[in-house]
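Engineer: Residue numbers (the numbering used here), protein chains in the order written: chain A, 5 to 303; chain B, 5 to 303.
Protein chains: 2
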Amino acid sequence: MTGPFDRGKGDDSLGPLTTDQGALSRLSLNQRTTASWSLPQAVQGCVDAGLGAIGIWREQLAEVGLDEACRLVSESGLRVSSLCRGGFFTTADPVEAEASEARNREALEEAAALRAATLVLVPGGLPPGDRDLEAARVRAARAIERLVPHARELGVTLGIEPMNPIYAADRGVISTLAQALDIAERFDAEDVGVVVDTFHLWWEPGVADQLQRAGERILSYQICDWITPLPADTLLARGMMGDGHIDFAAFTRSVAAAGYQGDVEVEIFNADLWAQPPAVVVDTMVKRYLDLVEPYLAG
Amino acid sequence: MTGPFDRGKGDDSLGPLTTDQGALSRLSLNQRTTASWSLPQAVQGCVDAGLGAIGIWREQLAEVGLDEACRLVSESGLRVSSLCRGGFFTTADPVEAEASEARNREALEEAAALRAATLVLVPGGLPPGDRDLEAARVRAARAIERLVPHARELGVTLGIEPMNPIYAADRGVISTLAQALDIAERFDAEDVGVVVDTFHLWWEPGVADQLQRAGERILSYQICDWITPLPADTLLARGMMGDGHIDFAAFTRSVAAAGYQGDVEVEIFNADLWAQPPAVVVDTMVKRYLDLVEPYLAG
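(1) Among Leu223/B, Ser224/B, Asp237/B, Ile250/B, which one has its Cα closest to the Cα of isoleucine 231/B?
(2) Who are the Cβ neighbours of serine 80/B in its own chain at under 6 Å, not counting the five residues just before and after it?
(3) To which residues of the same chain is valine 286/A closer than 7 Å at the C-beta, ignoring the five residues directly before and after it?
(4) Could you check where the alpha helix (DSSP H) with serine 78/A kicks off and where it finishes?
(5) Going along chain A, which residues have a C-beta under 7 Å from serine 258/B?
(6) Do the segment 68 to 88 of chain B and the segment 207 to 218 of chain B touch if we need at least three Cβ pairs shorter than 8 Å?
(7) Under 8 Å by Cβ, that's how I've got glycine 56/A and leucine 82/A pegged, so tell me the actual separation to the nearest angstrom.
(8) Do you know how far the Cα of proline 98/B is from the Cα of alanine 262/B?
(9) Which residues in chain B have a C-beta closer than 9 Å to the C-beta of threonine 95/A? List them in chain order.
(10) Just checking: is the beta-carbon of serine 86/A within a distance shorter than 8 Å of some beta-carbon in chain B?
(11) If the criterion is Cβ atoms closer than 8 Å, does the pair threonine 180/B and alanine 144/B meet it?
(12) Over what stretch of residues does the beta strand (DSSP E) that includes tyrosine 293/B continue unbroken?
(13) Beta strand (DSSP E) containing serine 32/A: first to last residue?
(14) Give me the Cβ distance between tyrosine 264/B and tyrosine 225/B, rounded to the nearest whole Å; I'm assuming they're in contact under 8 Å.
(15) State buried or exposed for glycine 19/B, treating a residue as buried only when at least 16 other CB atoms are found within 10 Å of its CB.
(16) So with CB distances below 7 Å, who are the chain B contacts of alanine 173/A?
(17) Taking the alpha carbon of glutamate 347/B as the reference point, which residue from Ala115/B, Leu130/B, Leu137/B, Arg146/B has its own alpha carbon closest?
(18) 8 Å is my cut-off, CB to CB: does aspartate 201/A come that close to chain B?
(19) Please name the residues in the segment 119 to 138 of chain B whose beta-carbon is closer than 9 Å to at least one beta-carbon of chain A, in chain order.
(20) Would you mind sorting alanine 253/B into buried or exposed? The rule is 16 or more other CB atoms within 10 Å of its CB.
(21) Go to aspartate 201/A, then tell me how far its beta strand (DSSP E) extends in each direction, as first and last residue.
(22) Going along the chain, which residues of the segment 143 to 177 of chain B sit with their C-beta nearer than 7 Å to a C-beta in chain A?
(23) Less than 8 Å between the beta carbons of valine 177/A and leucine 123/A, yes or no?
(24) Please report the straight-line C-alpha distance between valine 199/A and aspartate 276/B, rounded to a whole angstrom.
(25) Rounded to whole angstroms, how far is the Cβ of tyrosine 293/A from the Cβ of valine 270/A, which I believe are closer than 8 Å?
(26) Between which two residues does the beta strand (DSSP E) containing serine 40/B stretch?
(27) Counting only beta-carbon atoms, is alanine 275/B nearer than 8 Å to chain A?
(28) In this structure, does DSSP put leucine 151/A in helix, strand or coil?
(29) Using 8 Å for Cβ pairs, my map puts phenylalanine 203/B next to asparagine 168/B. What's the rounded Cβ distance?
(30) Just verifying my parser: in three-state terms, what is the DSSP assignment at serine 17/B?
(31) Can the beta-carbon of leucine 234/B be found closer than 8 Å to that of threonine 238/A?
(32) What would DSSP say about glycine 90/A, mapped onto helix, strand or coil?
(33) Does the beta carbon of proline 299/A come closer than 8 Å to any beta carbon on chain D?
(34) Please report how far the alpha carbon of cysteine 88/B lies from the alpha carbon of leucine 151/A, in whole angstroms.
(35) If glutamate 67/A and serine 104/A are in contact, beta carbons under 8 Å, what's the gap, nearest whole angstrom?
Shown next as C-alpha cells:
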C-alpha cells in the first residue's frame, strides 16, 4: 500500500472523480470480460488501455492475496469499481447460512481493503428441490440485513444486483430493479444500494423510472449486450455492446439522469470473447464504449 | 358442425363448465406439447385421455382446413381452450403492419368458428436492427387497439400473452403480467384479457397480486415448468410440470383465487418430449396435472 497512487487506507473519501484522464476515465474492466488474465495481468491491461478502474473478482484476488492485490491496485492508480462478489445467501439451512455469512464478511474485508465502490451481492437461486421463490427472496433480504452492520463498520456499501429472470431459479432470485430497491430502501443509502447491469434490466418495464428512483443508490453501472440467439450456455450468454439488442444510449442517459457519476464497468461472460486475446477484447470494448456509451454519460 | 357435441354456432354461451367428466374436465392439451400429432390425431388423443379441451395451433389447423377442424372439434365434445396464435405486430413498417393485421383478422375468424376461449396474442420482438423496446411495446398496444373492433364483432376475446424476458428481444416485448394488464385494462374485459403462462410469469415479483388484479381478464391458464440448465435452444426450453422449479400449487391457488374457472392448458415446447410417443407424453402430463395442479384449482 505504498505505491504512487495510494489514496491511504484511512482516508474515508475517494474524492471527486478525475476527469483529466479523458474519455476513458470512467471506463472499468470487469475481470470476467478477460477471464484468462490474472489480476496482475488485468491491472496492467487496464493501465495500458488508459482505463480509470477495474472490477475485481475474488477468485483471481485469492491467487495473489489481498495485500499484493492492494499494492498492485494502489500503484496502478486504478479505482476498484466493484468487488465481485458476495451474496449467494438464499439457503434455508442454518449451517450453510452461517458459512455464507462468513464468506460475505470475508468479502467485505477485501472490499474495504481495496476501497471498492461496492461489494456486488448476487442473491443466489433456489436451494435444490426448493420451489418457494418468495421465501428465498425473504431469506436474501434477511441475509443482507445481517451484513449491514459489518459493512457499515468497514465503510463498504452493499450492492444488490437484480438479475435477469433467466437466472431466477439458479443464480439470482431478485429479478427487477424495483424489487432490489424495495429491499435497499429499508436501509440507509450509504449502507445498501443497487448494481445496475444492462443485461439484467434492459427489458424491465418502467426501468427509466426505477433508475430515477434509485438515484444515489446506484453503486455500479455494468454493461454488456443481450444477444440472440442466446448462446447455449446461458451463463455465458452476454454480448459485447453493440452486438445485441440493448439501446445503450437510452439506458445510459437514464443512468446519468439519475445522478450516477461512478465508473462504467464492462462485464461480459462469453466463450467467444474468452477465446480472443484479452488485449484485443479490451480494444474492442474501448471502441464500443466510446461509440455507444460514453457520449451519453453527461446526461 | 353437426356432431353429437355441437353446441351450436349461434349460441353465445358455452354454459357452465361440466364437472361430471371428473378430475380431467379442465385439462387441455396444447398442440405444441405433442408437436408430431396432426389436428385429428391430437383431437383423438385428447378424447382417448379423457381431457376436456384442446389448444389448437393455426399451422396444424391449416393442414385440415377450418371447416373440417370445426367438425372434428365439435364431434369430439372438446372445448377449444385457445387458438395459438395471433400477434407478432411490433413491426414499424406500414406494409408489414397491414399484413400482420390481415393475418390477425384471419386468426380471429378461425377463433370465432372454433369457439375458442381466446385468441392468444404473442406480441413479437424487436424488428431487426431496432433497439427501441419502448416504441415496440407502444406499437404492440396500438395493434391490439386496431384489432378490438374486429374481435368484438366476432365475439372473440383477445388474450395478451406476457412473455418471459428471455424472449423480450425476439418474441414478446410485453414482459410482465402487470404490463399486459396495463394494456388490457384500456379495453372492456370482454374484448381484451391476458394469457397466464407459468413459464413466463413464475418469477414476477408480486405475481399473486397481479393475478388478483387480473381477475376475470384471465382467459387462459397455460402451464409448463422452468427447468435448469436451460436447454440450448431457448425456444424449446420448457419442461414438464414437476421437472423444474415452479411451485404449481402456489401459482394455481393464486389463479383460482382470482376467480379463474377455465381450462388448464399444458403447453410444452421441448425437444426431448417431442422425441417420445405423443400418447406417452399425454399420459405423463395427465399424471403430473393430477398430482401438482388439479388439487389446487378449487382455490
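Backbone N, C-alpha and C fix where the C-beta goes; we use that ideal spot for every residue, glycine too.
This structure is a prediction, so every number in the text was calculated from the model and none was measured.
Structural biologist: On the basis of the coordinates in this document:
(1) Ile250/B
(2) Val47, Val51
(3) Leu33, Thr38, Gly49, Ala53
(4) 70 to 80
(5) Those do not exist, as serine 258/B stays about 11 Å from chain A at its closest Cβ, beyond 7 Å.
(6) no
(7) 7 Å
(8) 39 Å
(9) Those within 9 Å of threonine 95/A in chain B number zero; the least Cβ separation is about 15 Å.
(10) no
(11) no
(12) Here tyrosine 293/B belongs to no beta strand (DSSP E); instead the alpha helix (DSSP H) covers 282 to 296.
(13) 31 to 34
(14) 6 Å
(15) Note that glycine 19/B scores 40 on pLDDT, short of 50, meaning its location in the model is unreliable; the coordinates nonetheless yield the value given after this. Exposed, by the Cβ-count rule.
(16) Trp230, Thr232, His249
(17) Outside the shown range of chain B, which is 5 to 303, sits residue 347/B, and nothing can be said about it.
(18) no
(19) Gly129, Leu130, Asp134, Arg135, Asp136, Leu137, Glu138
(20) exposed
(21) 196 to 201
(22) Asn168, Pro169, Ile170, Ala172, Ala173, Asp174
(23) no
(24) 37 Å
(25) 7 Å
(26) Element bounds for serine 40/B: n/a, residue is neither H nor E.
(27) no
(28) helix
(29) 6 Å
(30) Low local confidence applies: a pLDDT of 40 at serine 17/B is under 50, so the model's placement there is unreliable, and no value is given.
(31) yes
(32) strand
(33) This model lacks chain D altogether; the protein chains it does include are A and B.
(34) 49 Å
(35) The Cβ separation is near 22 Å, so there is no contact.
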